[in-house]
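In the numbering used here, the protein residues as written are 844 to 1685.
Right, one structure below, let's go through it.
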């Protein structure tokens, strides 16, 4: 009976039992090998519901299903990707030692003093003697008496004192500088399917530097954070950065140059270090000079700057449409305490001024573009628009009291159309645009500022024998303005001659930036490139014409801005880059030649020879027909045949009418960059040769005047010298002279008779210079898997400096002022640096 019941119920039991399909390993491998069926395949759940669970079966597709969607009748199955967190970081440390480069040659043979009654006489600090035209130090000794300015006593003729020879005090204000920099970067990224979904980066850093000038220390601290989010086709980036700098002394008022000048002019017989610390005793060798050490010690000066920036960037990209919006807010705050201690020249009771600067800037920048495709896939057109809005506010306050407030709102808007066509081995690009510029500080808004650029490239980009030829060019018109809030207070130096340089103390800012015409620029450039197997030969030619350029001038005792001149700058650059590469050894070498010429093409009425930077009696200037920034000063008087006119006393005559005496722009600049890598090692060098260009050596002029230069020591005993030239009656000069006649007042010597600056033309020198800008040796070691590595670099900067110029580095600027190229008046020396940096990436 039981057996019969089992037979009768078997069909029902069989029908209700779930049937599991047989999924063999061979079958699964076959369907996984074809990606198309996987992406568009769906198990038959309509007729066989028991297969529904296979939709989420990882073994069925080879991956975990994350999303299923049907679009236009096609079912797409997308995998589910895991989100992975990556943590990386980098620690950097750098130690650097700096030493000053070359200095002007000074003499250490002759002491403080002058000629009296036909003899050279030492004159100590109590006499106020500023000159070093006294007797030779080796001819003197100390008397051992009580003398406030020297513990050894006064100087007397050898054989009449205590037998102790005169000391040679070199009065240094420079030292070996050192710097330590450290930084830390931490990065976190969340990745999925090979894409970064979220990332954040934090950076911290600080540096401490004991500068090459004694008693000066600079510190810097910085921090920043960024957050990136990539949400489908939308990306968002937010950032914040903070920077704080602190300096012992600012050089806005030329303070450090003044220290350097006084150190160089101090006679070798006077000890600045000893006298700077003597209580109730004048610390300087002369009332017209300062003690350099006294200026640096406990002077109360300070400079603090904080710079904060916040930004938000939103970018949307689709197949055809792109949009990017950038907003940023920037806050800059500076607090500077500048002054001189009591007893300083021109400031006998001392002076202290606090200067505060506060800049707040807002920027909105938006760009949108749309790609237009045609039937020919090689042709792509892009139409777009760009908009930029900037709002800047600046306030400068002095403790006098005085305050200046500036504000500007400027807008730029443009439409552009780009065409790109890429047939076989060709790449053709044409870009057309027009921009408008509107600002509340200009008197002439401009709505037509076209731009045209194009490029043609032909070549084979595949394989080791790739080659190409490229020709490109552009023409562009644009407007600009001077940055609102830029300080031009240092322009007050132009009201002083070099003898009055110690009076320089800038406390007057420009009246305003309003009511000016926009500076108009019209530029074009062309470039050609030839490449073969990694080697590239290129040439570039350019020209920019600038109209309505704005410069500061002093009018009615006010510093104002005026549209003054038009000028043109044009030039050529050619270069060659050669590369070699094999499994372990790679090199890249580049040599370039650059030449540019400048010319002032027009100057508004009344503004020709407007000074740009320097002093009242010698400066750079705007001169029609000459290079912008030409050197203007005094020159020799000359006849119609350009012969120097000689006076009845046998010395050249001076022409005090300002004239162009020099051009600081070099004839050409050549650079050579050499890089090589071998396995984990690398080495790089960067050379630069500047040929030509002129510079006024005012440092030499002042050292000559006071008798501190090496050349004045070498030549002061010259007699019977005849200057080449003609007398005023047009006869050749035959009058012999002595450069320093002890029977005449010291003010009639060759170096003092023309004043502190001498004849400007005499001190114009060539600024040829060859320098090794940088040499670097590196080692890179991989540390296990992923991105971990150790990088060590040893480097030296400004290691070689060879120049025909007789002063310091000809690239240094007067008081660090813009527009002062070509002027050297105790410019601070450049430094050579030696350092080691270590970077650990983890």
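For every residue, glycine included, the Cβ atom is placed at its ideal position computed from N, Cα and C.
Since the model is a prediction, treat every value here as computed from it, not as a measurement.
- Beyond the five residues adjoining it in sequence on each side, residue 1243 comes within less than 8 Å, by CB distance, of 1196, 1350 in the same chain, given in chain order.
- For residue 1204, the pairing in a beta bridge is given by DSSP as 1173, 1235.
- If you draw a 10 Å sphere on the C-beta of residue 1495, you find 16 or more other C-beta atoms in it, and that means buried.
- Contact between the region 951-962 and the region 1064-1071 is absent: fewer than three C-beta pairs spanning the two stretches fall below 8 Å.
- Per DSSP, the unbroken alpha helix (DSSP H) holding residue 1136 starts and ends at 1135-1139.
- Bounds of the alpha helix (DSSP H) holding residue 1101 are 1098-1108.
- With contact defined as three or more Cβ pairs closer than 8 Å, the region 923-941 and the region 1013-1030 are in contact.
- Inter-residue distance for residue 1255 and residue 1071 is about 28 Å (C-alpha atoms, whole angstroms).
- With a cut-off of 8 Å on Cβ pairs, the region 1479-1487 is not in contact with the region 1453-1466, counting fewer than three such pairs.
- For residue 1397, there is no enclosing alpha helix (DSSP H); the enclosing beta strand (DSSP E) has its first and last residue at 1378-1398.
- Residue 1232 has its alpha-carbon roughly 5 Å from the corresponding atom of residue 1207.
- Counted as a single uninterrupted DSSP element, the stretch harbouring residue 1041 is not any alpha helix (DSSP H) but the beta strand (DSSP E) occupying residues 1038-1053.
- The beta-carbon distance between residue 1113 and residue 1000, rounded to whole angstroms, is 19 Å. This is too long to meet the 8 Å contact definition.
- Shown here, residue 1181 sits in a strand according to DSSP, grouped into three states.
- Taking every protein chain shown into account, the CB of residue 1565 has fewer than 16 other CB atoms within 10 angstroms, so this residue is exposed.
- For residue 1545, the enclosing alpha helix (DSSP H) starts and ends at 1541-1549.
- When secondary structure is reduced to three states using DSSP, residue 1216 falls in the strand class.
- Secondary structure note for residue 1294: its beta strand (DSSP E) is the uninterrupted segment 1289-1303.
- Counted as a single uninterrupted DSSP element, the stretch harbouring residue 1272 is not any alpha helix (DSSP H) but the beta strand (DSSP E) occupying residues 1269-1282.
- Counting along the chain, the unbroken alpha helix (DSSP H) around residue 1554 starts and ends at 1553-1558.
- Between residue 1058 and residue 1140, the C-beta spacing is below 8 Å.
- Across the structure, residue 1502 and residue 1660 are spaced so that their CA atoms are roughly 22 Å apart.
- In the structure shown, the three-state DSSP call for residue 1339 is coil.
- When secondary structure is reduced to three states using DSSP, residue 1605 falls in the helix class.
- Closest option to residue 1311, judged by alpha-carbon separation, among 1563, 983, 1375: 1375.
- It is roughly 47 Å from the alpha-carbon of residue 1158 to the alpha-carbon of residue 1335.
- Separation of the CB atoms of residue 1610 and residue 1684 is rounded to 43 Å, and the pair is thereby denied contact status at 8 Å.
- Cβ contact annotation for residue 1078 (same chain, cutoff 6 Å, sequence separation greater than five): 1158, in chain order.
- When DSSP states are grouped into helix, strand and coil, residue 1590 belongs to the helix group.
- Each residue's CA atom was taken as its position, placing residue 1370 and residue 917 some 51 Å apart.
- Taking 8 Å as the cut-off, the beta carbon of residue 1401 is found no closer than this to the beta carbon of residue 1599.
- Under the three-state reduction of DSSP, residue 1345 is assigned to helix.
- Annotation for residue 1470: 1441, 1442, 1506, 1508 place their beta carbon closer than 7 Å to its own, counting only its chain and skipping 5 residues before and after.
- For the pair residue 1026 and residue 1152, the Cα-to-Cα distance works out to about 19 Å.
- Judged by DSSP secondary structure, residue 1061 falls outside any alpha helix (DSSP H) and instead within the beta strand (DSSP E) spanning 1060-1074.
- Pairing residue 1235 with residue 1116 gives a Cβ-Cβ distance that is not under 8 Å.
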